[in-house]
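Presented below is the structure to which this report refers.
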Amino acid sequence: MWIDTHCHLDAPEFDADRAEVVSRARQAGVGMMVVPAVTPSTFATVRAAADMFGLTYALGIHPLFVHDMSADDALAMLDEHLTRWRDDPRLVAVGEIGLDFFVPALQTPASLALQERLYGAQLELAARHGLPVILHVRRSADALLKQLRRCRDEGRPVPGGIAHAFNGSHQQARTFMELGFKLGFGGAMTFERAQQIRRLATDLPEDAIVLETDAPDIPPHWLYKTAEQRSAGERSRNEPVELPRIAETLATLRGWSLAQTEAQTMANALAALPRLRPVVQRLSS
Ligand SMILES: [Zn+2]
Numbered sequence: 000m001w002i003d004t005h006c007h008l009d010a011p012e013f014d015a016d017r018a019e020v021v022s023r024a025r026q027a028g029v030g031m032m033v034v035p036a037v038t039p040s041t042f043a044t045v046r047a048a049a050d051m052f053g054l055t056y057a058l059g060i061h062p063l064f065v066h067d068m069s070a071d072d073a074l075a076m077l078d079e080h081l082t083r084w085r086d087d088p089r090l091v092a093v094g095e096i097g098l099d100f101f102v103p104a105l106q107t108p109a110s111l112a113l114q115e116r117l118y119g120a121q122l123e124l125a126a127r128h129g130l131p132v133i134l135h136v137r138r139s140a141d142a143l144l145k146q147l148r149r150c151r152d153e154g155r156p157v158p159g160g161i162a163h164a165f166n167g168s169h170q171q172a173r174t175f176m177e178l179g180f181k182l183g184f185g186g187a188m189t190f191e192r193a194q195q196i197r198r199l200a201t202d203l204p205e206d207a208i209v210l211e212t213d214a215p216d217i218p219p220h221w222l223y224k225t226a227e228q229r230s231a232g233e234r235s236r237n238e239p240v241e242l243p244r245i246a247e248t249l250a251t252l253r254g255w256s257l258a259q260t261e262a263q264t265m266a267n268a269l270a271a272l273p274r275l276r277p278v279v280q281r282l283s284s
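Here's what the structure looks like:
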């Protein structure tokens, strides 16, 4: 089974044909997806989508949405939902959380302080609820690692998770792995010019890599639209059905068969997000 460890199935881009998107993916062998929330206003729809389609989900406050509501209210809502749905087997992680050091509007001192505060508080919640985390890493790997180390050193370690759409250095990758993380690879790896990502996908230990689409974002090269096409109104929408073809790039880079790639990345996903295992087992029994 292919597992898409990061798919925003609740996004409005899928409103018109969500059921078809899921069934297309299933037909291509993508038997499981993890749907991460980005802001409290989407918690209920993310959970409902996971429930309706037999998928799994994560709850968190994404750095791009830190201004949606007061930080205290957002954190209280997250804690309340993690508590209320603690026994829901489909809830597999806290996410998508993290730090974005790229989007210009988020680089003011006030925004950076708010991002750090929400990230740190959500790590505490993850540790307290015993859930792994799904991390948004955008030029922010060292700052993310710093707070993860702090949690560990203060005796409240976060139980690992996934550094999604990873594009850091080998050293940063190794440090994430030491803290119990897997690294997420997707459409970006299919571009020949993405040399650093392809080197990572080639060199990292085999148990470090999970696959993801980040649909509807991060389209693989065969769906990519140039700036010209986009300004002419053409849009590309990534879908979980693309995962096996994205995986072919990983297989080629590593010299693996496609079956080996499927088995290894599935085992890695189950190790990163242990609550996935019973859900996946029920599917295959
Ligand atoms: Zn995402």
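Just so you know, we're using numbering that gives the first Met the number 0 here: the sequence shown kicks off at 0 and counts up by one.
The beta-carbon is built from N, C-alpha and C at its ideal position, and this holds for glycine as well.
Values in this document were obtained by computation on a predicted structure and should not be read as measured data.
Can you tell me whether DSSP reads THR248 as helix, strand or coil? Taking the first residue of the sequence shown as position 1, residue 248 is located at position 249. Note: THR248 maps to helix in three-state DSSP.
Is ASP213 near ligand 1, in the sense that its beta carbon is under 6 Å from a heavy atom of that ligand? Taking the sequence shown and counting its residues from 1, one reaches residue 213 at position 214. Result yes, Cβ under 6 Å from ligand 1.
Can you pull the DSSP bridge partners for TRP1? By 1-based counting over the sequence shown, the position of residue 1 is 2. In DSSP, TRP1 forms a bridge with VAL29.
Could you tell me the alpha carbon to alpha carbon distance between THR174 and LEU144, rounded to whole angstroms? Within the sequence shown, residue 174 is the residue found at index 175, counting from 1. Within the sequence shown, residue 144 is the residue found at index 145, counting from 1. Distance between the alpha carbons of THR174 and LEU144: 8 Å.
So GLY119 is in the alpha helix (DSSP H); what residue range does that whole segment cover? Counted from its first residue, the sequence shown places residue 119 at position 120. Where GLY119 is concerned, the enclosing alpha helix (DSSP H) stretches over 108 to 128.
Just to check, is the beta-carbon of GLU12 closer than 6 Å to a non-hydrogen atom of ligand 1? For the purposes of this step, residue 12 is identified with residue 13 of the sequence shown, where counting begins at 1. GLU12 Cβ: outside cutoff for every heavy atom of ligand 1.
Note down the Cα distance separating ALA36 from LEU124, rounded to an integer number of angstroms. Taking the first residue of the sequence shown as 1, we reach residue 36 at position 37. Taking the first residue of the sequence shown as 1, we reach residue 124 at position 125. So the two alpha carbons sit approximately 15 Å from each other.
Nonlocal neighbours in the same chain, by C-beta distance under 7 Å from PHE64, ignoring five residues either side: Within the sequence shown, numbered from 1, the residue matching residue 64 stands at position 65. So the qualifying residues of the chain are VAL37 and THR38.
Have a look at the DSSP bridge pairing and note the partners of THR44. What you label residue 44 is simply residue 45 of the sequence shown in a count that begins at 1. Answer is none; THR44 lacks a bridge partner.
Hey, how far is the Cα of ARG274 from the Cα of THR55? Here the question's residue 274 lines up with position 275 in the sequence shown. Here the question's residue 55 lines up with position 56 in the sequence shown. Looking at the two C-alpha atoms, the distance is approximately 9 Å.
Given a cut-off of 7 Å, decide if ILE217 and GLY185 are closer than it, judged by their beta-carbon atoms. For the purposes of this step, residue 185 is taken as the residue at position 186 of the sequence shown. For the purposes of this step, residue 217 is taken as the residue at position 218 of the sequence shown. Their beta carbons are under 7 Å apart, which means GLY185 touches ILE217 by this criterion.
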